[in-house]
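Asks: Every letter in the sequence shown is one number past the one before it in our numbering, and letter 190, counting from 1, is 190.
Cβ atoms here follow ideal geometry from the backbone N, Cα and C, with glycine treated the same way.
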Amino acid sequence: MYPPGLRLRQTRETLGLTYREVEQASYELAAKRGRPDFILHISRLADIENRNVVPSLHKLYSLAAIYHLSPFEISTWYEAPLQQTFEDGTAFPAPRTHLHEFPVNYALNPQPTPKPGSDSTGLLNEQTDNVCHFPGLRPEPSIRFRYGYIGLLDRRMAPILRPGSMVVVDTAVKSIEGEDWTSEYDRPLYFVETRGGYRCGWFLKLKSRLLMQPHMLSHCPPEAWRTPSEAEVVGKVVGVITYLSEPWDCAREATRAVHSDWIEKVP
Numbered sequence: 001m002y003p004p005g006l007r008l009r010q011t012r013e014t015l016g017l018t019y020r021e022v023e024q025a026s027y028e029l030a031a032k033r034g035r036p037d038f039i040l041h042i043s044r045l046a047d048i049e050n051r052n053v054v055p056s057l058h059k060l061y062s063l064a065a066i067y068h069l070s071p072f073e074i075s076t077w078y079e080a081p082l083q084q085t086f087e088d089g090t091a092f093p094a095p096r097t098h099l100h101e102f103p104v105n106y107a108l109n110p111q112p113t114p115k116p117g118s119d120s121t122g123l124l125n126e127q128t129d130n131v132c133h134f135p136g137l138r139p140e141p142s143i144r145f146r147y148g149y150i151g152l153l154d155r156r157m158a159p160i161l162r163p164g165s166m167v168v169v170d171t172a173v174k175s176i177e178g179e180d181w182t183s184e185y186d187r188p189l190y191f192v193e194t195r196g197g198y199r200c201g202w203f204l205k206l207k208s209r210l211l212m213q214p215h216m217l218s219h220c221p222p223e224a225w226r227t228p229s230e231a232e233v234v235g236k237v238v239g240v241i242t243y244l245s246e247p248w249d250c251a252r253e254a255t256r257a258v259h260s261d262w263i264e265k266v267p
């Protein structure tokens, strides 16, 4: 395999660019971005090409922009495949439910290994191309789907959504549906962002209040928030990858309920 410095030099020569022209282009990019870190001095460019010096994050950006390359591709030349961070990240699940960030054009690979991670539930980065890799979900022309992760300590919807599960959230559907369902498996699930973090599960909209109803087998109490000041619906869950058991070697700690200030009875 060609060393990364040689690849960058060949790319530059193929484009017909001199050291001086690359340096000048990097000055313009630095002025546009407002940071001198983007500047590629001739001496540094020579070190990158001839001595395989690893470029900094900002200089890698400049090289990708000036050479019309993908920064993800350049990163693989240095054996730091940024495009695989989502796959490697599944080995470190988090205790809390949250959104997950991952590189562009990465196919979902839901194979987390049984290692302890974070407590929280959350969402993943918006990425249309990634959604088409979710089984049975057709690609959409607009950015409307996000991936959500159910934290290892979030047992509010167990056993329907066990800790460590992943969901696909349709951000185009933000209204809570009525009672047009016949079983708990048909009841719509929603992803909600609150001041205390993310929640995923069953919800009711009662005037200006949003009420979460955990699964009865989870032994977690209901929670409620004022909307939109304390809680906002991210979207409706349209896909789920869950577990028949919980293959985590961390302790099964009960979810600590976040008490809301919903003290009056809503008619």
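Does DSSP classify LYS207 as helix, strand or coil?
Replies: The residue given as residue 207 occupies position 207 in the sequence shown. Of the three classes helix, strand and coil, the one that applies to LYS207 here is coil, per DSSP.
Asks: Looking at the structure shown, is HIS58 part of a helix, part of a strand, or coil, going by DSSP?
Replies: If you number the sequence shown from 1, residue 58 lands on position 58. Helix at HIS58.
Asks: Excluding the 5 residues preceding and the 5 following GLN213 in the sequence, name in chain order all residues of the same chain whose CB lies nearer than 6 Å to its CB.
Replies: Here residue 213 is taken as the residue at index 213 of the sequence shown, counted from 1. TRP202, PRO222.
Asks: Have a look at HIS41 and ARG35 and give me their C-alpha separation to the nearest angstrom.
Replies: Here residue 41 refers to the residue found at position 41 of the sequence shown. Here residue 35 refers to the residue found at position 35 of the sequence shown. Each residue's Cα considered, the two are about 14 Å apart.
Asks: Are the CB atoms of ILE150 and THR121 within a distance shorter than 9 Å?
Replies: One-based indexing of the sequence shown puts residue 121 at position 121. One-based indexing of the sequence shown puts residue 150 at position 150. Their beta carbons are under 9 Å apart, which means THR121 touches ILE150 by this criterion.
Asks: Can you list, in chain order, the residues of its chain whose CB lies under 6 Å from that of GLU193, leaving out five sequence neighbours each side?
Replies: By one-based count along the sequence shown, residue 193 stands at place 193. Excluding positions up to five away in sequence, the list reads GLU232, VAL234.
Asks: Should SER62 go down as buried or exposed, given a rule of 16 or more other Cβ atoms within 10 Å for buried?
Replies: As a position in the sequence shown, residue 62 is number 62, starting the count at 1. Its Cβ being crowded by 16 or more others within 10 Å, SER62 is buried.
Asks: Quick one, are the C-beta atoms of ASP180 and THR97 less than 9 Å apart?
Replies: As a position in the sequence shown, residue 180 is number 180, starting the count at 1. As a position in the sequence shown, residue 97 is number 97, starting the count at 1. Contact flag unset, no.
Asks: Look up ARG33 in the DSSP assignment and give the residues it is bridged to.
Replies: On the sequence shown, residue 33 is found 33 positions in, with the first residue counted as 1. DSSP, once it has assigned bridges, lists no residue as partnering ARG33.
Asks: Look up ALA231 in the DSSP assignment and give the residues it is bridged to.
Replies: For the purposes of this step, residue 231 is taken as residue 231 along the sequence shown, with counting starting at 1. Beta-bridge pairing links ALA231 to THR194.
Asks: Looking only at its own chain, which residues have a Cβ that is under 6 Å from the Cβ of VAL238, when we skip the five neighbours before and after it?
Replies: Counted from its first residue, the sequence shown places residue 238 at position 238. Excluding sequence neighbours, VAL238 sits near VAL168, ASP170.
Asks: Thinking C-alpha only, which one of HIS219, LEU57, HIS68 is nearest ALA158?
Replies: In the sequence shown, the residue the question calls residue 158 occupies position 158. The option with the nearest alpha carbon to ALA158 is HIS219.
Asks: Under 8 Å by Cβ, that's how I've got PRO71 and ALA80 pegged, so tell me the actual separation to the nearest angstrom.
Replies: Here the question's residue 71 lines up with position 71 in the sequence shown. Here the question's residue 80 lines up with position 80 in the sequence shown. At roughly 11 Å, the Cβ-Cβ gap does not stay under 8 Å, so PRO71 and ALA80 are not in contact.
Asks: Alpha carbons only, please: which of HIS58, THR11, ARG9 is nearest the one belonging to LYS32?
Replies: Position 32 of the sequence shown, counting from 1, holds the residue named residue 32. Of the listed residues, the one whose Cα sits closest to LYS32 is HIS58.
Asks: Could you check the C-alpha separation between SER245 and PRO93 for me, to the nearest Å?
Replies: Reading the sequence shown from its first residue, position 245 is the one you call residue 245. Reading the sequence shown from its first residue, position 93 is the one you call residue 93. Cα to Cα, the separation comes out at about 16 Å.
Asks: Note down, in chain order, each residue of its chain lying with its Cβ closer than 7 Å to the Cβ of THR242, except the 5 sequence neighbours on either side.
Replies: Here residue 242 is taken as the residue at index 242 of the sequence shown, counted from 1. The answer, listed in chain order, is LEU161, ARG162, SER165.
Asks: Using 9 Å as the threshold, is the C-beta distance between ARG12 and VAL22 below it?
Replies: Counting from one through the sequence shown, the residue named residue 12 turns up at place 12. Counting from one through the sequence shown, the residue named residue 22 turns up at place 22. It is a contact, given that the beta carbons lie within the stated cut-off.
Asks: Whose C-beta lies closer than 6 Å to the C-beta of TRP225 among residues of the same chain, with five residues either side of it excluded?
Replies: Position 225 of the sequence shown, counted from the start, is the residue given in the question as residue 225. Within the same chain, TRP225 has close Cβ partners THR194, LEU210, ALA231, SER260.
Asks: From ASP186, GLY178, TYR190, LEU82, pick the residue whose C-alpha is nearest to that of ALA172; which is it?
Replies: As a position in the sequence shown, residue 172 is number 172, starting the count at 1. Looking at the Cα atoms, TYR190 is the closest of the given residues.
Asks: So, with DSSP's three-state summary, where would you put MET216?
Replies: Here residue 216 refers to the residue found at position 216 when the sequence shown is read from its first residue. Three-state DSSP puts MET216 in a helix.
Asks: Could you name the residues that DSSP lists as bridge partners for GLU223?
Replies: The count along the sequence shown starts at 1 and reaches residue 223 at position 223. In DSSP, GLU223 forms a bridge with MET212.
Asks: Would you mind working out which of LEU60, LEU82, LEU204 sits nearest GLY178, comparing C-alpha positions?
Replies: One-based indexing of the sequence shown puts residue 178 at position 178. When each option's Cα is compared against that of GLY178, the closest is LEU204.
Asks: Starting from the C-beta of SER306, find all residues in its chain whose C-beta is less than 8 Å away, skip the five residues before and the five after it, and write them out in chain order.
Replies: With the chain running from 1 to 267 in the structure shown, residue 306 is simply not present.
Asks: Determine the extent of the beta strand (DSSP E) in which PHE145 is found, giving its start and end residues.
Replies: The sequence position of residue 145 within the sequence shown is 145, counting from 1. From DSSP, the beta strand (DSSP E) with PHE145 extends over 145-149.
Asks: Under DSSP, the beta strand (DSSP E) around ASP170 begins and ends at which residues?
Replies: Taking the sequence shown and counting its residues from 1, one reaches residue 170 at position 170. ASP170 -> beta strand (DSSP E) spans 166-170.
Asks: Could you give the C-beta distance for LEU45 and PHE38, rounded to a whole number, given that I count them as a contact under 8 Å?
Replies: As a position in the sequence shown, residue 45 is number 45, starting the count at 1. As a position in the sequence shown, residue 38 is number 38, starting the count at 1. Rounded, the Cβ-Cβ distance is 13 Å, inconsistent with contact.
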